[in-house]
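If you read the protein sequences in the order shown, they are chains A and B.
Residue numbers are given in full-length UniProt numbering: position 205 of the first sequence equals residue 205, and the series is strictly consecutive.
Residue numbers are given in full-length UniProt numbering: position 28 of the second sequence equals residue 28, and the series is strictly consecutive.
Backbone N, C-alpha and C define an ideal beta-carbon position, used for all residues, glycine too.
Quantities reported herein were computed from a predicted structural model and do not represent experimental measurements.
A quick write-up on the structure given underneath.
2 protein chains.
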Amino acid sequence: MPEDREVTIYDIARYLNISAATVSRGLKNNPMISKNTRKKIAEAAKSLGYQSNTFASSLRSRHTHTLGVLVPRLNSHFMSSALAGMENAANRHGYNLIIAQSLEDVEKEKRNAATMFNKRVDGLLISLSYNTQDIHHLEPFFKRKIPVVFFDRVYPHDESTSVGINNQEAAYNITKHLISQGCRKIMHLGGNLLRNVYQERLAGYRKALEDHHLPFSKKLYLTGPLSEQAGADAARYILDLPAEERPDAVFSANDTAAVYCMLTLKTAGLRIPEDIAFAGFNNDPISRVIEPNLTTMDYSGDSIGNTAATYLINHLKGISNLYTTNAITLRADMVIRASSLKNKLP
Amino acid sequence: MPEDREVTIYDIARYLNISAATVSRGLKNNPMISKNTRKKIAEAAKSLGYQSNTFASSLRSRHTHTLGVLVPRLNSHFMSSALAGMENAANRHGYNLIIAQSLEDVEKEKRNAATMFNKRVDGLLISLSYNTQDIHHLEPFFKRKIPVVFFDRVYPHDESTSVGINNQEAAYNITKHLISQGCRKIMHLGGNLLRNVYQERLAGYRKALEDHHLPFSKKLYLTGPLSEQAGADAARYILDLPAEERPDAVFSANDTAAVYCMLTLKTAGLRIPEDIAFAGFNNDPISRVIEPNLTTMDYSGDSIGNTAATYLINHLKGISNLYTTNAITLRADMVIRASSLKNKLP
DNA sequence: GATATTCACGCAACCGATTGCGAAAAAATA
DNA sequence: TATTTTTTCGCAATCGGTTGCGTGAATATC
Chain A
1 MPEDREVTIY DIARYLNISA ATVSRGLKNN PMISKNTRKK IAEAAKSLGY
51 QSNTFASSLR SRHTHTLGVL VPRLNSHFMS SALAGMENAA NRHGYNLIIA
101 QSLEDVEKEK RNAATMFNKR VDGLLISLSY NTQDIHHLEP FFKRKIPVVF
151 FDRVYPHDES TSVGINNQEA AYNITKHLIS QGCRKIMHLG GNLLRNVYQE
201 RLAGYRKALE DHHLPFSKKL YLTGPLSEQA GADAARYILD LPAEERPDAV
251 FSANDTAAVY CMLTLKTAGL RIPEDIAFAG FNNDPISRVI EPNLTTMDYS
301 GDSIGNTAAT YLINHLKGIS NLYTTNAITL RADMVIRASS LKNKLP
Chain B
1 MPEDREVTIY DIARYLNISA ATVSRGLKNN PMISKNTRKK IAEAAKSLGY
51 QSNTFASSLR SRHTHTLGVL VPRLNSHFMS SALAGMENAA NRHGYNLIIA
101 QSLEDVEKEK RNAATMFNKR VDGLLISLSY NTQDIHHLEP FFKRKIPVVF
151 FDRVYPHDES TSVGINNQEA AYNITKHLIS QGCRKIMHLG GNLLRNVYQE
201 RLAGYRKALE DHHLPFSKKL YLTGPLSEQA GADAARYILD LPAEERPDAV
251 FSANDTAAVY CMLTLKTAGL RIPEDIAFAG FNNDPISRVI EPNLTTMDYS
301 GDSIGNTAAT YLINHLKGIS NLYTTNAITL RADMVIRASS LKNKLP
């Protein structure tokens, strides 16, 4: 029971009358060391209560077994699921996660990126903030060949991989579904077009309209932060519209806005889906609580996080090569619920 | 633009014809170094693109400016809010967070604790897993005097501080509120009594019953994982009860179980709150989406996380002393909503 | 039995920043 | 001007693993 002094490989070496180099190698199961001494080292380590010092190791070996994770915010269902997925993958492979949030602020994103770089993370997992314009702040990573994986809110870059879903296709399908339910004036609540996810969802929405010979109307396209407030505001906007211009469906780029829009419209007496059908995006828990339940896109944060992290780690281990893979697209399934079911079944 | 070589303080030293020691001190604004050379060092550092090497620094100085965070799961609204609060506090004070989840499994909690210890975190923030019995696995921290702060799911220990709310009082008040609404047969959905939060909520519930001369009935006390499934199961349990034994209110130890219980009961035709009133705990987003809105305890993860982290950091900085403070209790406010309002106003 | 291989391990130089102690230079005081 | 005090900085020894290279012993080959 050592009290204040740390137990080092030197202590083990002295204890066994061998060199520290051998101990170091033995602890890492280096085949250069005989099975027998390896066992003795392991036992001595345990009995002495040895704990490896990560810094010393990182300082010399130049890798940290730590991944940096940079997200817009920690406290959304999608993000926390993604983090959970990453943590799972990382933990399984002996990696740790340093997590920071940009709070949708580019400046904070830049500072955090710098910190991660300083902490010498082995790789970076990043989902861009709401208003990030470019990725100059990631240059240091690219220069040092530190692999970067974008997830969800990605950015085209040919030395890194993006993990996400096919937003355009998903939005196309969900819009098409609304059309198949007889909706003709479909409103879209979107986010900042700087972010691919919102850009692509808008594109999918427009494409679906076009393919079904429905006009795109600027009056039926609202863009904003997709917050609870934004959802309620959209509802009021709809209510203020002359009756003949009112949409008969709303496709929101996330569930939060959809749900709060629904709540407000319900209070105003509109019936869902009879008067106005709804579809969201994310399959957030609230989508299964709102009445009627919200049709949405199941968009698993967990598998996105897991995939992104696993992929990054595989690259680090040399199993796969990140520089040759441009994007990984995960499946997203439409979950049809009562909020959009005007007919019997889709 | 150095390509593969790292820029070190030695490079700066050579560049300015001074010693590395001076550079090291200068970079940290040590007053021992003249203002003038300090400025020159800062400029040289910038122009050479110097990035401090955290390991080397940590190895020598024996602190990492990193806090370990160990939570049951990352993907709950409460936890992700707590993490967001911690990240905020940590970031503000120049600390980083290493986050891991136990997934409610003691063994994983133990492994994670060991990893954190190995990574030499400066302090540990922990919320215990569902079935953790004791905290032997934290002994290494205590021995090394690495401060530990428990939050939410705490554990009595006299060398560390706990941050949470007064669960008993909160539960007492919410039960009293239900009683004040005329409820006489109040059911309680609780969690594992190993965890103080559920233990205390049960105690508060029982105390309120007692103070109002209402009997405690084992038939009206269900314990379980408080999941969606558990909520639905509780509903079925209620429905299977003979009419005269059915509760006229449910106080659930979290919102998830309350909401899914409500949904199932509503489907079965019960009216809320007329037939059965509801109160939850946490003020989860779903509590504001369910209809009627759920009465609950506003239990800010953000402020708990923020407080816990700030407190830990203050201790590390020597501003406050963690060993003398036993517990920090934050305010929890009852949020009365329609699910429990049988009378006009409370 | 002599030589060639293989195996198991030790030597010592790192990795890059920190810091106690001492010394030279500058400023203050006598 | 001589001496004391203060300022400013350098020396060199860490911190604890890691790793290229070398060596002696064990085993294999002829």
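Determine the direct distance from the alpha carbon of residue j to that of residue i, and round the result to whole angstroms.
| i | j | result |
| --- | --- | --- |
| A:Thr247 | A:Asn282 | It should be noted that the sequence gives Pro, not Thr, for residue 247 of chain A. Distance between the alpha carbons of A:Pro247 and A:Asn282: 22 Å. |
| B:Ala257 | A:Leu103 | 30 Å |
| A:Thr37 | A:Ser47 | 15 Å |
| B:Leu74 | B:Arg14 | 47 Å |
| A:Leu16 | A:Leu27 | 13 Å |
| A:Ser300 | A:Met79 | 10 Å |
| A:Leu128 | A:Asn167 | 16 Å |
| A:Lys119 | A:Ala308 | 20 Å |
| A:His77 | A:Lys40 | 48 Å |
| B:Lys110 | B:His137 | 6 Å |
| A:Leu146 | B:Arg25 | Inspection of the sequence shows that residue 146 of chain A is occupied by Ile rather than by Leu. Answer to the nearest angstrom: the Cα atoms are 29 Å apart. |
| A:Glu210 | A:Asp158 | 32 Å |
| A:Ile313 | A:Tyr95 | 8 Å |
| A:Met334 | A:Leu178 | 12 Å |
| A:Ile12 | A:Arg92 | 28 Å |
| B:Ala253 | B:Ile165 | 14 Å |
| B:Ser320 | B:Asn306 | 16 Å |
| B:Ser52 | A:Thr66 | 17 Å |
| B:Pro140 | B:Lys108 | 16 Å |
| B:Tyr10 | B:Arg331 | 52 Å |
| B:Leu263 | A:Ser303 | 28 Å |
| B:Ala230 | B:Leu222 | 9 Å |
| B:Leu316 | B:Thr310 | 10 Å |
| B:Gly190 | B:Ala203 | 11 Å |
| B:Ser19 | A:Arg62 | 25 Å |
| A:Met297 | A:Ala82 | 16 Å |
| A:Met32 | A:Asp122 | 26 Å |
| A:Leu214 | A:Tyr155 | 31 Å |
| B:Ala327 | B:Val163 | 6 Å |
| A:Val148 | A:Pro72 | 16 Å |
| A:Ala113 | B:Thr267 | 49 Å |
| B:Tyr323 | B:Leu97 | 22 Å |
| B:Ser34 | B:Gly49 | 22 Å |
| A:Gly318 | B:Glu87 | 32 Å |
| B:Ala42 | B:Ala21 | 14 Å |
| B:Glu3 | A:Ala56 | Confidence is the limiting factor: at B:Glu3 the pLDDT is only 41, short of 50, which leaves the residue's position unreliable, though a coordinate-based value still follows. Going by the C-alpha atoms only, they are around 24 Å apart. |
| A:Arg144 | A:Asp134 | 19 Å |
| B:Arg201 | B:Ala84 | 25 Å |
Rounded C-beta distance between residue i and residue j? I'm assuming under 8 Å.
| i | j | result |
| --- | --- | --- |
| B:Asn293 | B:Gln181 | Between B:Gln181 and B:Asn293 the Cβ distance is about 15 Å, and since that is not below 8 Å, they are no contact. |
| residue 374 of chain B | B:Ile126 | This structure leaves residue 374 of chain B out entirely; chain B is present only between 1 and 346. |
| B:Ser339 | B:Pro285 | About 15 Å; that fails the 8 Å criterion. |
| A:Thr161 | A:Thr325 | 5 Å |
| B:Ala279 | B:Phe251 | 5 Å |
| residue 359 of chain B | B:Ala100 | Residue 359 of chain B is absent from the model: chain B starts at 1 and stops at 346. |
| B:Ile290 | B:Ala249 | Incorrect: roughly 16 Å between the Cβ atoms, too far for contact. |
Out of the options, which one is the CA nearest neighbour of residue i?
| i | options | result |
| --- | --- | --- |
| B:Tyr130 | B:Pro215, B:Leu193 and B:Leu202 | B:Leu193 |
| B:Ser217 | B:Met187, B:Asp233 and B:Arg195 | B:Met187 |
| A:Leu124 | A:Arg271, A:Ala90 and A:Leu222 | A:Ala90 |
| B:Arg288 | A:Glu228, A:Tyr10 and A:Lys108 | A:Glu228 |
| A:Leu241 | A:Asn254, A:Leu220 and A:Asp255 | A:Leu220 |
| A:Glu6 | A:Leu330, A:Thr54, A:Arg331 and A:Ala21 | A:Thr54 |
| residue 378 of chain A | A:Gly191, A:Arg184 and A:Gln199 | Nothing about residue 378 of chain A can be read from this structure; chain A reaches only from 1 to 346. |
| A:Thr132 | A:Leu322, A:Phe117, A:Met116 and A:Asp105 | A:Asp105 |
| B:Thr329 | B:Val259, B:Lys317, B:Arg153 and B:Thr296 | B:Arg153 |
| A:Leu341 | A:Arg271, A:Thr22 and A:Thr310 | A:Arg271 |
| A:Gly68 | A:Gly49, A:Phe117 and A:Val259 | A:Phe117 |
| A:Tyr198 | A:Ala170, A:Leu214 and A:Ala268 | A:Ala170 |
| A:Tyr260 | A:Ala243, A:Arg206 and A:Leu226 | A:Leu226 |
Hey, is the region 228–240 of chain A in contact with the region 171–180 of chain A, meaning 3+ C-beta pairs nearer than 8 Å? The region 171–180 of chain A and the region 228–240 of chain A do not touch, with fewer than three beta-carbon pairs separated by less than 8 Å.
Would you list, in sequence order, the uninterrupted beta strand (DSSP E) runs of no fewer than 3 residues that lie entirely inside the region 236–276 of chain B? Segments of the beta strand (DSSP E) lying fully in the region 236–276 of chain B: 249–252.
Could you tell me which uninterrupted alpha helix (DSSP H) segments, each at least 4 residues in length, are contained entirely in the region 43–86 of chain A, listed from first to last along the chain? Scanning the region 43–86 of chain A from its first residue to its last, the whole alpha helix (DSSP H) runs of 4-plus residues come out as 54–61.
Kindly provide the ranges of any beta strand (DSSP E) runs that are 3 or more residues long and lie completely inside the region 119–204 of chain A, ordered along the chain. Counting only runs of 3 or more, we get 123–126, 148–151, 161–165 and 186–190.
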